Amino acid sequence: MQFRTFGRFGYQVSQLGFGAMRLPTKEDGTVDFDRAVSLIRRAVELGINFIDSHHFYHNGDSEVAVGRAIRGLRDRVYLQTKTPMYREVESEDVRWRWLETALEKLGTDYIDCYLAHSLTWERFRKEFDPFMKLAQKAKDQGMIRHIGFSFHDTAEALRKIIDTDAFDCMTVQYNMINRSLEEPIAYAHEKGMGVVIMGPVGGGSLAAPSAEIAKLLPEQAKSSAEIALRFVLANPNISLALSGMSTMRQLEENVAVAEQEVVLSADDYGRIREVLDEKRRLSELYCTGCRYCMPCPNGVDIPANFELMNLHRIYGVTETAKERYARLVARKASAGDCLECGECEPKCPQRIPIMEQLKEVAEVLG
Ligand code: SF4
Ligand code: SF4
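See the structure below:
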């Protein structure tokens with residue numbers, strides 16, 4: 045395992061972290077504790093020393109499984125968990141109880157990184173003061189070591205949150221086909237924050253075989269998922285990438301990548317970045333995702349449909365694009381739900397013939 049320094053804090057974290065959100069489950073969907081505990085313990089044995097959980101992953105059982113797995117190993121791992129900022133609470137006492145319960149479930153008296161989960165700029169403005177008061181009190185009492193956040197919003201919003209200098213670390217999305225936060229990631233690293241990446245394989249999107257992605261690293265990788273992980277780890281501004289692993293095989297494959305001193309040569313990294321830049325330009329020619337065409341009176345999520353078409357057409361990730369399209373169909377937001385009222389087209393700065401393109405999306409992905 046290769047290790048990296050966690051921001052300005054000086055300690056060494058494994059460049060691959062264990063995300064405890066996709067633990068092995070039984071037929072009824074509940075956590076299979078025996079398999080989950082063995083998997084996490086094996087991860088630690090293989091050198092992983094950063095484990096990420098959440099108060100409510102697996103209906104609250106993720107923290108329980110992590111707690112059982114690290115019994116006797118607490119001093120060998122850094123623990124991260126999160127409180128959901130999208131849940132309204134009647135008072136901050138509720139969040140405090142969640143934190144106390146997390147410590148109990150994890151079987152520890154301190155959490156290394158405690159995160160405000162799923163911040164957006166709106167949530168940050170509303171919840172920053174109460175969250176920070178709670179987190180600071182917990183820090184003063186030794187219940188947590190670092191205060192951080194996870195994030196789902198724009199690069200501009202992320203930079204503003206980093207600029208508050210209130211946080212020690214952050215957990216953000218970044219992968220080969222979504223590099224929108226690349227600049228604030230570099231900025232956070234420069235400011236000495238711990239930078240944790242979630243979704244290095246696009247939440248599984250990039251795990252499906254793709255000839256387009258295989259072409260990026262011919263004969264050097266076993267799968268698209270491996271190329272995606274290598275790409276993220278090659279970024280020098282990140283502290284570690286989390287992978288939500290469910291099987292020993294996934295764990296061993298990911299560890300085999302994270303053990304390599306050089307995950308991508310400088311030449312390969314530069315070349316892949318150029319190809320991805322070109323692909324991004326191509327996809328933006330088609331639809332920039334600006335959402336000026338929205339809302340559609342019939343509920344069609346126009347940019348989401350075009351994003352999936354790009355996933356298929358430009359990145360060759362067709363299986364995933366079709367799966368995700370089926371979810372749009374279920375939400376009645378798919379290209380097939382367009383009634384051709386024509387309201388959206390004049391609003392599109394790219395002058396995209398939206399109705400015609402949506403027909404193509406429905407034909408190809410439907
Ligand atoms: S043309 Fe189709 S996608 Fe555009 S606004 Fe009308 S129903 Fe919605
Ligand atoms: S307005 Fe045009 S470019 Fe913007 S999201 Fe809609 S279709 Fe895409």
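Residues 45 to 410 (my numbering) make up the sequence shown, in order.
Quick reminder that beta carbons are idealized off the backbone N, C-alpha and C, glycines included.
None of the values given here were measured: they were computed from a predicted structure.
- Task: Under the assumption that Leu284 contacts Arg86 (Cβ atoms under 8 Å), give the Cβ distance between them as a whole number of angstroms.
- Result: Residue mapping note: residue 284 aligns to position 240 of the sequence shown, counting from 1. Residue mapping note: residue 86 aligns to position 42 of the sequence shown, counting from 1. That belief does not hold up - the Cβ atoms of Leu284 and Arg86 are roughly 18 Å apart, past 8 Å.
- Task: Any chance you could list the alpha helix (DSSP H) runs of at least 4 consecutive residues sitting entirely within the region 52-121, in chain order?
- Result: 77-89 and 105-113
- Taking 7 Å as the cut-off, does the CB of Glu351 come closer than this to any heavy atom belonging to ligand 1? Walking along the sequence shown from the start, residue 351 turns up at place 307. With a cut-off of 7 Å, the C-beta of Glu351 is classified as distant from ligand 1, since no heavy atom of the ligand falls inside that distance.
- Query: Is Cys382 near ligand 1, judged by its Cβ being under 7 Å from some heavy atom?
  - Reply: Position 338 of the sequence shown holds residue 382. Checking every heavy atom of ligand 1 against the Cβ of Cys382, one is found closer than 7 Å.
- Message: Alpha carbons only, please: which of Ala113, Arg371 and Arg52 is nearest the one belonging to Ala64?
- Response: Reading the sequence shown from its first residue, position 20 is the one you call residue 64. Selected option, being the one with the closest Cα: Ala113.
- Compare the beta carbon distance of Leu409 and Met338 with 8 Å and say whether it is the shorter of the two. Numbered from 1 along the sequence shown, position 365 holds the residue referred to as residue 409. Numbered from 1 along the sequence shown, position 294 holds the residue referred to as residue 338. In this structure, Leu409 sits away from Met338, with a CB-CB distance that is not shorter than 8 Å.
- Query: So, is Tyr359 buried or exposed, given that buried needs 16 or more other C-beta atoms within 10 angstroms?
  - Reply: Here residue 359 refers to the residue found at position 315 of the sequence shown. Per the 10 Å Cβ criterion, buried.
- Examine the Cβ distances between the region 258-266 and the region 234-242 and report whether three or more of them are shorter than 8 Å. No, the region 258-266 does not touch the region 234-242.
- Message: Is the beta carbon of Thr364 closer than 8 Å to that of Ala252?
- Response: Residue numbering aside, residue 252 sits at position 208 when the sequence shown is read from its first letter. Residue numbering aside, residue 364 sits at position 320 when the sequence shown is read from its first letter. Yes, the pair counts as a contact, with Cβ atoms nearer than the cut-off.
- How about Glu89 and Ser97: are their beta carbons less than 8 Å apart? Position 45 of the sequence shown, counting from 1, holds the residue named residue 89. Position 53 of the sequence shown, counting from 1, holds the residue named residue 97. Cβ distance not < 8 Å, so Glu89 and Ser97 don't count as in contact.
- Task: Could you spell out where the beta strand (DSSP E) holding Met242 opens and where it closes?
- Result: Position 198 of the sequence shown, counting from 1, holds the residue named residue 242. In this chain, the beta strand (DSSP E) harbouring Met242 covers Gly238 to Met242.
- Query: Quick one: what's got a C-beta closer than 7 Å to His161's C-beta in the same chain, skipping five residues either side?
  - Reply: Within the sequence shown, numbered from 1, the residue matching residue 161 stands at position 117. Cβ within range, chain order: His98, Lys126, Thr127, Pro128, Met129 and Ser194.
- Given that a residue counts as buried once 16 or more other Cβ atoms are within 10 Å of its Cβ, and exposed if not, what is Gln304? As a first step, residue 304 is located in the sequence shown; it is residue number 260 there, counting from the start. Exposed is the call here.
- Is Glu407 near ligand 1, with its Cβ less than 7 Å from a heavy atom? Residue numbering aside, residue 407 sits at position 363 when the sequence shown is read from its first letter. No - ligand 1 has no heavy atom lying nearer than 7 Å to the Cβ of Glu407.
- Work out the CA separation of Thr164 and Leu31 for me, nearest whole Å. Here the chain has residues from 45 to 410 only, and residue 31 is not among them.
- Query: Who are Met214's beta bridge partners in DSSP?
  - Reply: For this step, residue 214 is matched to residue 170 along the sequence shown. DSSP output for Met214 lists Phe193 and Val239 as bridge partner(s).
- Query: Given a threshold of 16 other Cβ atoms within 10 Å of its Cβ, counted over all protein chains shown, does Cys334 qualify as buried or as exposed?
  - Reply: As a first step, residue 334 is located in the sequence shown; it is residue number 290 there, counting from the start. Taking a 10 Å sphere around the C-beta of Cys334, we find fewer than 16 other C-beta atoms and assign the residue as exposed.
- Give the single residue among Val216, Ser82 and Tyr218 whose Cα lies nearest to the Cα of Ser290. Start at 1 with the first residue of the sequence shown, and residue 290 comes out as number 246. Of the candidates Val216, Ser82 and Tyr218, the one whose C-alpha sits nearest the C-alpha of Ser290 is Ser82.
- Under 7 Å from any heavy atom of ligand 2, does the C-beta of Thr152 make it? The residue given as residue 152 occupies position 108 in the sequence shown. Answer for Thr152: no, Cβ out of range of ligand 2.
- Give me the Cα-Cα distance between Ala146 and Arg118, rounded to the nearest whole angstrom. Translated into the one-based positions of the sequence shown, residue 146 becomes position 102. Translated into the one-based positions of the sequence shown, residue 118 becomes position 74. If you take the alpha carbons of Ala146 and Arg118, they lie about 15 Å apart.
- Message: Please identify the residue among Phe50, Glu328 and Ala406 whose C-alpha is closest to the C-alpha of Ile396.
- Response: If you number the sequence shown from 1, residue 396 lands on position 352. The residue with the shortest Cα to Cα distance from Ile396 is Glu328.
- Query: Considering only residues of the same chain and omitting the five flanking positions on each side of Met176, which have a CB-CB separation below 8 Å?
  - Reply: Reading the sequence shown from its first residue, position 132 is the one you call residue 176. Only Ile191 and Ala210 meet the Cβ criterion.
- Distance cut 7 Å, beta-carbon to ligand 2 heavy atom: residue list by chain order: Counting every residue whose Cβ lies closer than 7 Å to a heavy atom of ligand 2, we get Cys331, Thr332, Gly333, Cys334, Arg335, Tyr336, Cys337, Met338, Ile346, Pro347, Phe350, Cys388, Lys391, Cys392, Pro393, Gln394, Ile396 and Ile398.
- Query: Under a Cβ-count criterion, where at least 16 other Cβ atoms within 10 Å of its own Cβ denotes burial, should Glu270 be classed as buried or exposed?
  - Reply: Counting from one through the sequence shown, the residue named residue 270 turns up at place 226. Answer is buried; the Cβ neighbour count reaches 16.
- I think Asn342 touches Leu383, with their Cβ atoms under 8 Å apart; what is that distance to the nearest whole Å? Residue mapping note: residue 342 aligns to position 298 of the sequence shown, counting from 1. Residue mapping note: residue 383 aligns to position 339 of the sequence shown, counting from 1. Sure, about 5 Å apart at Cβ, within 8 Å.
- Nearest to Val276 by alpha carbon, out of Gln59, Val319, Thr198 and Gly288? Here the question's residue 276 lines up with position 232 in the sequence shown. Measuring from the Cα of Val276, the nearest candidate turns out to be Gln59.
- 8 Å Cβ cutoff met for Arg189 and Tyr218: Indexing the sequence shown from 1 puts residue 189 at position 145. Indexing the sequence shown from 1 puts residue 218 at position 174. Their beta carbons are not under 8 Å apart, which means Arg189 does not touch Tyr218 by this criterion.
- Report the three-state DSSP secondary structure of Arg325 (helix, strand or coil). Counted from its first residue, the sequence shown places residue 325 at position 281. Here Arg325 sits in helix by DSSP.
- Message: DSSP three-state label for Ala265, please.
- Response: One-based indexing of the sequence shown puts residue 265 at position 221. Coil.
- Backbone secondary structure at Ser249 - three-state DSSP: Taking the first residue of the sequence shown as 1, we reach residue 249 at position 205. Helix.
- Item | Rounded distance between the beta-carbons of Asn281 and Val239, thought under 8 Å | Taking the first residue of the sequence shown as 1, we reach residue 239 at position 195. Taking the first residue of the sequence shown as 1, we reach residue 281 at position 237. About 6 Å; that satisfies the 8 Å criterion.
- Query: Less than 8 Å separating the beta-carbons of Gln124 and Asp156?
  - Reply: Counting from 1 along the sequence shown, the entry for residue 124 is found at position 80. Counting from 1 along the sequence shown, the entry for residue 156 is found at position 112. Between Gln124 and Asp156, the C-beta spacing is below 8 Å.
- Message: Give the list of continuous beta strand (DSSP E) stretches no shorter than 3 residues that lie fully inside the region 153-197.
- Response: 155-163 and 188-195
- Comparing the CB of Gly386 with every heavy atom of ligand 1, is any distance shorter than 7 Å? As a working note, residue 386 is residue 342 in the sequence shown. Yes.
- Item | Buried or exposed by the 16-neighbour rule on C-beta atoms within 10 Å, applied to Ser135 | The sequence position of residue 135 within the sequence shown is 91, counting from 1. The residue is exposed, with fewer than 16 neighbouring Cβ atoms inside 10 Å.
- Closer than 7 Å: is that where the CB of Pro174 sits relative to any heavy atom of ligand 1? On the sequence shown, residue 174 is found 130 positions in, with the first residue counted as 1. Ligand 1 has no heavy atom closer than 7 Å to the beta-carbon of Pro174.
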